[in-house]
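What follows is a single structure, written as structure tokens, with notes after it.
Number of protein chains: 6
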Amino acid sequence: MDTQELHDRGLALRKRLFGAEAVDRRQKAFGSFGEPLQHIINAYAYGDIWQRPAVPLATKSLAMIAMMAAAGRPNELRVHLRGALNNGCKPEEIREILLLVALYCGIPLANEAHAAAVEVLGDMAE
Amino acid sequence: MDTQELHDRGLALRKRLFGAEAVDRRQKAFGSFGEPLQHIINAYAYGDIWQRPAVPLATKSLAMIAMMAAAGRPNELRVHLRGALNNGCKPEEIREILLLVALYCGIPLANEAHAAAVEVLGDMAE
Amino acid sequence: MDTQELHDRGLALRKRLFGAEAVDRRQKAFGSFGEPLQHIINAYAYGDIWQRPAVPLATKSLAMIAMMAAAGRPNELRVHLRGALNNGCKPEEIREILLLVALYCGIPLANEAHAAAVEVLGDMAE
Amino acid sequence: MDTQELHDRGLALRKRLFGAEAVDRRQKAFGSFGEPLQHIINAYAYGDIWQRPAVPLATKSLAMIAMMAAAGRPNELRVHLRGALNNGCKPEEIREILLLVALYCGIPLANEAHAAAVEVLGDMAE
Amino acid sequence: MDTQELHDRGLALRKRLFGAEAVDRRQKAFGSFGEPLQHIINAYAYGDIWQRPAVPLATKSLAMIAMMAAAGRPNELRVHLRGALNNGCKPEEIREILLLVALYCGIPLANEAHAAAVEVLGDMAE
Amino acid sequence: MDTQELHDRGLALRKRLFGAEAVDRRQKAFGSFGEPLQHIINAYAYGDIWQRPAVPLATKSLAMIAMMAAAGRPNELRVHLRGALNNGCKPEEIREILLLVALYCGIPLANEAHAAAVEVLGDMAE
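Read top to bottom, the protein sequences are chains Z, D, C, F, U and X.
For the first sequence, the working numbering assigns the number -16 to the initial residue and increments by one for each residue that follows.
For the second sequence, the working numbering assigns the number -16 to the initial residue and increments by one for each residue that follows.
For the third sequence, the working numbering assigns the number -16 to the initial residue and increments by one for each residue that follows.
For the fourth sequence, the working numbering assigns the number -16 to the initial residue and increments by one for each residue that follows.
For the fifth sequence, the working numbering assigns the number -16 to the initial residue and increments by one for each residue that follows.
For the sixth sequence, the working numbering assigns the number -16 to the initial residue and increments by one for each residue that follows.
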């Protein structure tokens, strides 16, 4: 496949997952300096890996939440929490992943992830 | 609930997930020095968090795989790869999680996780 | 022991270590979504592990400072710096731990930990 | 060599790399509490390791950028991005290092490093 | 560009950097399960990012060494130490990067990286 | 103070803590390539930071154990477990630190640390 096609279908999926406006904002934030990184994200992450059909998007979102919480990356965690809600994940399901984080990665990373979740889920976290 | 009950139902689930012999071996490996840690694992991890019903065990296993790969913990990754197979996860599903690791945690952690997966999956990885 | 007892004695110790108001604020911050995590913190961390008598609370606080600085967790580091002062640790003792962090975990983590310490210790750091 | 000499030549190099005012500000930020850490930084980092001649300062700056991005330390990354510019590194060179970070440490750390780079490089990043 | 071209030129560069035999061995180690990961490595890492001309290969190798040492990934560190030698880096240059690791990431990671370097450099480390 | 004095008193303390033979073996393992790193360890770690009197050596050993377990550095953990025993720490005290690791850094790092402890403590762990 042509890498331009990879990029375009990746950007389309990315906008569907996280909202067109949010993706545009992130793409512009790093200007022309950031273009090669945006190409990696659009073409290789969302145009290749995220397109693979063996696992539904909701399961990928839960795995991303597990991974970003474990790695202590609250910014990306917030992005993927929004993606998880768009993919139909429920707050109760997200919480179960974050409780595994508490036991297997420690309470501080679970605290950080809960803070991100409460911020993103808002009223849904009640 | 009494913590002894928590411990007993946790140990039972742990043996169902990973095999009674493997769990016995791990419990004995650290002797009496390791008893309080085994209590944390049996009562708090498998007796409490893993018992919660909001997410099926197979999804928890995939989240554990994501987390252990992201944290660079190949020993626990191997344990939870075995648990994932027992919970009905397919090699193709596990691989999708490890490909997300490549993009979001870097190629070296994905290499380490693939090595663990190929070892555990054996012929299933063909 | 009943897990409710574990929770109650844990919450009592946690309030003694960090102040009742600060603990109440943290408990409320994550609402009902955060209740299972608060149970882990109160019952399993402060109701079980922190209650164990083999090491005095001041030594546990210094170990927590070492651990949170090494893991790059400045929020929890600040909490345990306050706990260390309540447990009778002196600023000079805390500083020695942070200097070990510089050599064994690198200057950037020692910088982050010093910033937290200067903020929490205030005039005591002069 | 006397450790005072080590300290003095280190502080001089540090000011040349990052600007005298910025270094003074950082030294004062942690007061007398921070003096032993400043001694480690001045005497051992900049008075010893950074003085060694086998590699030019620009290469050391690029290695520092790789290291601080990989370790998720954006504060020190910003400091060393400024040092890299003072040592004659070009924005295009810095970007190549950050693209390696994307592939080998994951997209989230590359995002964090790009944000720091765009902030420090300003108009140079256009 | 077509992704197959990206893959082919990437695999060619990878073999030039690390030796055809070593690359073949790594490709085969993970069988068909590992094919998508090998595609990421060949097409996206070595076919895209490593091909970019703004920085010479030797500088990229030193940055990789800094990054893999900082991230505690001794297997990939060994691979890139071999690549660095092929790209013309000298043992004295490599050592300077590892000494920065000692100060900025801590003595344990510098020890791990020195062990890898002594193993790969062999007689060149004398 | 002269850096040679720093080095000599550091090496003497290091041998007292970990045994002359073990230190000699480690010093020789990296040959002349490793001399600058050994200077950092002897002069700056053991000749400066470890000499500071505000905290007893046993407390420093417990903090090192906390730090090396949190950072996932089992080799250095084993070294400092031996140092802790030489400094008069009891197995029961060491275990309490490792149980804090379980709760605050996660079960996998606590498992790794327990394995190191059982190996070093041997019969003392019964």
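Note that beta-carbon positions come from the ideal geometry of N, C-alpha and C, so glycine has one too.
All values derive from a computational prediction rather than experimental measurement.
(request) Spell out a yes or no on whether the region 77 to 96 of chain C and the region 82 to 99 of chain U are touching, meaning 3 or more CB-CB pairs, one atom from each, closer than 8 Å. (result) yes
(message) Would F:Tyr29 and F:Gly66 qualify as a contact pair, given that the criterion is a beta-carbon distance under 7 Å?
(response) Here residue 29 of chain F refers to the residue found at position 46 of the fourth sequence. Here residue 66 of chain F refers to the residue found at position 83 of the fourth sequence. Taking 7 Å as the Cβ cut-off, F:Tyr29 and F:Gly66 do not qualify as a contacting pair.
(request) Could you pull out every residue in the same chain whose Cβ sits closer than 7 Å to the Cβ of U:Asn69, ignoring the five residues on either side in sequence? (result) Residue mapping note: residue 69 of chain U aligns to position 86 of the fifth sequence, counting from 1. Closer than 7 Å at the Cβ level, and outside the excluded window around U:Asn69, lie Leu0.
(request) Could you round the C-beta distance between F:Leu20 and C:Leu82 to whole angstroms and report it? I think they count as a contact, below 8 Å. (result) Within the fourth sequence, the letter at position 37 stands for residue 20 of chain F. Within the third sequence, the letter at position 99 stands for residue 82 of chain C. About 7 Å separates the two Cβ atoms, so the contact holds.
(message) Output needed for F:Ala108: all residues of its chain with C-beta closer than 7 Å, excluding positions within five of it in sequence on either side, in chain order.
(response) By one-based count along the fourth sequence, residue 108 of chain F stands at place 125. Taken in chain order, the residues that qualify are Pro74, Ala100, Val101.
(message) Does the contact criterion of 3 or more C-beta pairs under 8 Å hold for the region 46 to 57 of chain C versus the region 41 to 50 of chain X?
(response) yes
(request) For F:Phe13, I'd like the list of residues in its chain whose CB is within less than 8 Å of its CB, leaving aside the five on either flank, ordered along the chain. (result) Mapped onto the fourth sequence, residue 13 of chain F falls at position 30. Hits under 8 Å: Leu20, Gln21.
(message) Counting only beta-carbon separations shorter than 7 Å, does F:Ile90 have a partner in chain D?
(response) Against the fourth sequence, residue 90 of chain F aligns to sequence position 107. It does: the Cβ of F:Ile90 has a partner Cβ on chain D nearer than 7 Å.
(request) For C:Thr(-14), decide whether its Cβ has a neighbour in chain D, counting only Cβ atoms nearer than 7 Å. (result) Counting from one through the third sequence, the residue named residue -14 of chain C turns up at place 3. True, the Cβ-Cβ gap to chain D drops below 7 Å.
(request) Please confirm whether Z:Ala41 and Z:Gly71 have their CB atoms less than 7 Å apart. (result) Indexing the first sequence from 1 puts residue 41 of chain Z at position 58. Indexing the first sequence from 1 puts residue 71 of chain Z at position 88. Their beta carbons are under 7 Å apart, which means Z:Ala41 touches Z:Gly71 by this criterion.
(request) For my contact list, F:Val103 and F:Leu64 are in at a C-beta cut-off of 8 Å; report their separation, rounded to the angstrom. (result) Locating residue 103 of chain F in the fourth sequence gives position 120, counting from the first residue. Locating residue 64 of chain F in the fourth sequence gives position 81, counting from the first residue. That belief holds up - the Cβ atoms of F:Val103 and F:Leu64 are roughly 4 Å apart, short of 8 Å.
(message) Just to confirm before moving on: does the CB-CB distance between X:Gly17 and U:His97 stay below 7 Å?
(response) As a first step, residue 17 of chain X must be located in the sixth sequence, where it is residue number 34. As a first step, residue 97 of chain U must be located in the fifth sequence, where it is residue number 114. Contact: yes.
(request) Using the DSSP secondary-structure output, state which residues sit across from U:Asp(-15) in a beta bridge. (result) Counted from its first residue, the fifth sequence places residue -15 of chain U at position 2. Z:Asp(-15).
(request) Mind checking the region 4 to 19 of chain D against chain X and listing, in chain order, the residues whose C-beta falls within less than 8 Å of any C-beta there? (result) Ala12, Phe13, Gly14, Ser15, Phe16, Gly17, Pro19
(request) Please look up how many angstroms separate the CB atoms of Z:Ala125 and D:Ala54, rounded, as I've assumed it's under 8 Å. (result) Outside the displayed range of chain Z (-16 to 109) lies residue 125 of chain Z, so it cannot be described from this structure.
(message) Using the Cβ count rule (16 or more neighbours within 10 Å means buried), how would you classify F:Arg(-3)?
(response) Here residue -3 of chain F is taken as the residue at index 14 of the fourth sequence, counted from 1. When all chains shown are included, F:Arg(-3) counts as buried.
(request) Quick one: using the 10 Å Cβ neighbour count with 16 as the cut-off for buried, is F:Lys43 buried or exposed? (result) Against the fourth sequence, residue 43 of chain F aligns to sequence position 60. Under this definition F:Lys43 is a buried residue.
(request) State buried or exposed for D:Glu59, treating a residue as buried only when at least 16 other CB atoms are found within 10 Å of its CB. (result) If you number the second sequence from 1, residue 59 of chain D lands on position 76. Burial call: buried.
(request) Taking the CB atoms as reference points, tell me whether F:Asp(-15) and X:Asp(-15) lie closer together than 7 Å. (result) Counted from its first residue, the fourth sequence places residue -15 of chain F at position 2. Counted from its first residue, the sixth sequence places residue -15 of chain X at position 2. Yes, the pair counts as a contact, with Cβ atoms nearer than the cut-off.
(request) Using a Cβ cut-off of 7 Å (strictly closer), state whether U:Glu101 contacts chain X. (result) Within the fifth sequence, numbered from 1, the residue matching residue 101 of chain U stands at position 118. Before going on, a small fix: residue 101 of chain U reads as Val here, not Glu. True, the Cβ-Cβ gap to chain X drops below 7 Å.
(request) Can you give me the start and stop residues for the alpha helix (DSSP H) that X:Ile23 sits inside? (result) Counting from one through the sixth sequence, the residue named residue 23 of chain X turns up at place 40. Segment: none, X:Ile23 is in no alpha helix (DSSP H) and carries neither H nor E.
(message) Measuring only from the beta carbon, is F:Leu(-4) closer than 6 Å to any heavy atom that is part of the ligand GDP?
(response) Because no ligand of any kind appears in the structure shown, any question about the ligand GDP cannot be addressed here.
(message) On a Cα-Cα basis, can you pick out the residue from C:Trp33, C:Glu76, C:Lys11 that is closest to X:Glu79?
(response) Numbered from its first residue, the sixth sequence carries residue 79 of chain X at position 96. Measuring from the Cα of X:Glu79, the nearest candidate turns out to be C:Trp33.
(request) Verify the CB distance criterion: does X:Leu83 have a CB-CB separation below 7 Å to chain Z? (result) Taking the first residue of the sixth sequence as position 1, residue 83 of chain X is located at position 100. Output row for X:Leu83: interface = no.
(request) Starting from the Cα of U:Ala5, find the closest Cα among U:Pro36, U:Arg35, U:Arg61, U:Arg56 and give me that residue. (result) Translated into the one-based positions of the fifth sequence, residue 5 of chain U becomes position 22. Checking every option, the nearest Cα to that of U:Ala5 belongs to U:Arg61.
(request) Indicate the three-state DSSP secondary structure (helix, strand or coil) for U:Pro39 in the structure shown. (result) Here residue 39 of chain U corresponds to residue number 56 of the fifth sequence, with the count starting at 1. Residue state, collapsed to three classes: coil.
(request) Using only alpha-carbon positions, find the residue among D:Ala(-5), D:Glu76, D:Val84 that is nearest to Z:Pro36. (result) Translated into the one-based positions of the first sequence, residue 36 of chain Z becomes position 53. Among D:Ala(-5), D:Glu76, D:Val84, the Cα nearest to that of Z:Pro36 belongs to D:Glu76.
(message) Quick check on this structure: which residue in D:Ile23, D:Pro57, D:Asp(-9) has the alpha carbon closest to the alpha carbon of X:Val84?
(response) Walking along the sixth sequence from the start, residue 84 of chain X turns up at place 101. Comparing Cα positions, the closest option is D:Ile23.
(message) List, in chain order, every chain D residue whose beta-carbon is nearer than 9 Å to that of X:His97.
(response) In the sixth sequence, counting from the first residue as 1, residue 97 of chain X sits at position 114. Near X:His97 (Cβ distances below 9 Å), the residues of chain D are Ala12, Phe13, Phe16, Gly17, Leu20.
(request) Decide if Z:Arg56 is buried, meaning its Cβ has at least 16 other Cβ atoms within 10 Å, or exposed. (result) Taking the first sequence and counting its residues from 1, the one referred to as residue 56 of chain Z is at position 73. Buried, because 16 or more other Cβ atoms sit within 10 Å of the Cβ of Z:Arg56.
(message) By the DSSP assignment, the alpha helix (DSSP H) with X:Tyr87 in it spans what residues?
(response) In the sixth sequence, residue 87 of chain X corresponds to position 104, counting from 1. Element bounds for X:Tyr87: 74 to 88.
(request) Check X:Phe13 in the structure and name its three-state DSSP category. (result) Counting from one through the sixth sequence, the residue named residue 13 of chain X turns up at place 30. Three-state DSSP puts X:Phe13 in coil, outside helix and strand.
(request) Answer with yes or no whether the minimum CB distance from D:Met50 to chain Z is below 7 Å. (result) Mapped onto the second sequence, residue 50 of chain D falls at position 67. Yes, D:Met50 lies at the interface with chain Z (some Cβ there is under 7 Å from its Cβ).
(request) Kindly indicate which three-state DSSP category U:Ala54 falls into: helix, strand or coil? (result) Position 71 of the fifth sequence, counted from the first residue, corresponds to residue 54 of chain U. In the structure shown, U:Ala54 sits in coil (DSSP, three-state: anything other than H, G, I, E or B).
(request) Return helix, strand or coil for C:Asn94, following the three-state DSSP convention. (result) Working through the third sequence from its first residue, we reach residue 94 of chain C at position 111. Helix.
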